[in-house]
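So for the sequence shown, the working numbering puts the first residue at 1; every next one is plus one.
Built from N, CA and C at the ideal position, the CB exists for glycine as well.
The model shown is predicted, which means the values in this text are computed figures rather than measured ones.
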Amino acid sequence: MSIEFQKAIEKKRILHFAPGKNQVKKELLEAENDLSEAFNRFESEKYKYATITGYYSMFHSARALIYSKGYREKSHYYLLVALNSLFVNAGILSEEITSEFHDAMVLREDADYHGNFTKEGAEAVLKTAKEFLATAKTVLKTK
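And the structure:
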């Protein structure tokens, strides 16, 4: 485990979460539902909400992954820390996919809090969200 992950546990920003393994399927279902809604919003040219909902699809995919390891996060940032420590450092996920997750996080924050969003940004989030969900399902060996 990375030093940052260990410090996050000490600070209670990442917690042991035994019930997490029973929540994996629920999180994947949320990810699927959010992804579908994000594509619907994109088709309706609601790029702000396509960006936000696409990011939340990724958020739930990421949660499914860390729940499978018996942990939960206390913020979006620490979800990324957990992904990197538990999956990237272990060679299960690529650095590229968590970098894209971080990019989507920034685009979601810009859309949600600052009203800054574009069609291209929404497109990028949707592409990554679709890939991220498929990757999470493969890692978790679900359909």
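Please go through the same chain and pick out, in chain order, the residues whose beta-carbon is closer than 6 Å to the beta-carbon of residue i, but skip the five residues on each side of it.
i	result
Arg13	Lys74 and Tyr78
Leu83	Ala62 and Thr98
Ala122	Phe42, Tyr47, Ala50 and Thr51
Considering only the alpha carbon of each residue, which of the options lies closest to residue i?
i	options	result
Phe59	Arg72, Thr138 and Glu96	Arg72
Thr128	Lys7, Asn116, Thr142 and Ser99	Ser99
Phe39	Thr51, Glu30, Ile92 and Ser2	Thr51
Thr135	Glu95, Glu120 and Ser2	Glu95
Gly137	Ile9, Phe101 and Glu32	Residue identity check: residue 137 is Lys in the sequence provided, not Gly. Minimum Cα distance to Lys137 is reached at Glu32.
His102	Tyr56, Ala90 and Thr142	Tyr56
Measure the Cβ-Cβ separation of residue i and residue j and say whether it is below 9 Å.
i	j	result
Ala18	Gly70	yes
Leu126	Leu93	no
Val81	Phe132	no
For the beta strand (DSSP E) holding residue i, just list the boundary residues, first then last.
i	result
Arg72	Tyr71 to Glu73
Once the 5 residues before and after residue i are set aside, which same chain residues still bring their CB inside 8 Å of it?
i	result
Leu140	Val24, Leu28, Ala64, Leu65 and Ser68
Between residue i and the rest of its own chain, which residues show a CB-CB distance below 7 Å, the 5 nearest in sequence each way excluded?
i	result
Arg108	Thr51, Ile52 and Tyr55
Span of the alpha helix (DSSP H) holding residue i?
i	result
Leu65	Tyr47 to Ser68
Leu80	His76 to Leu83
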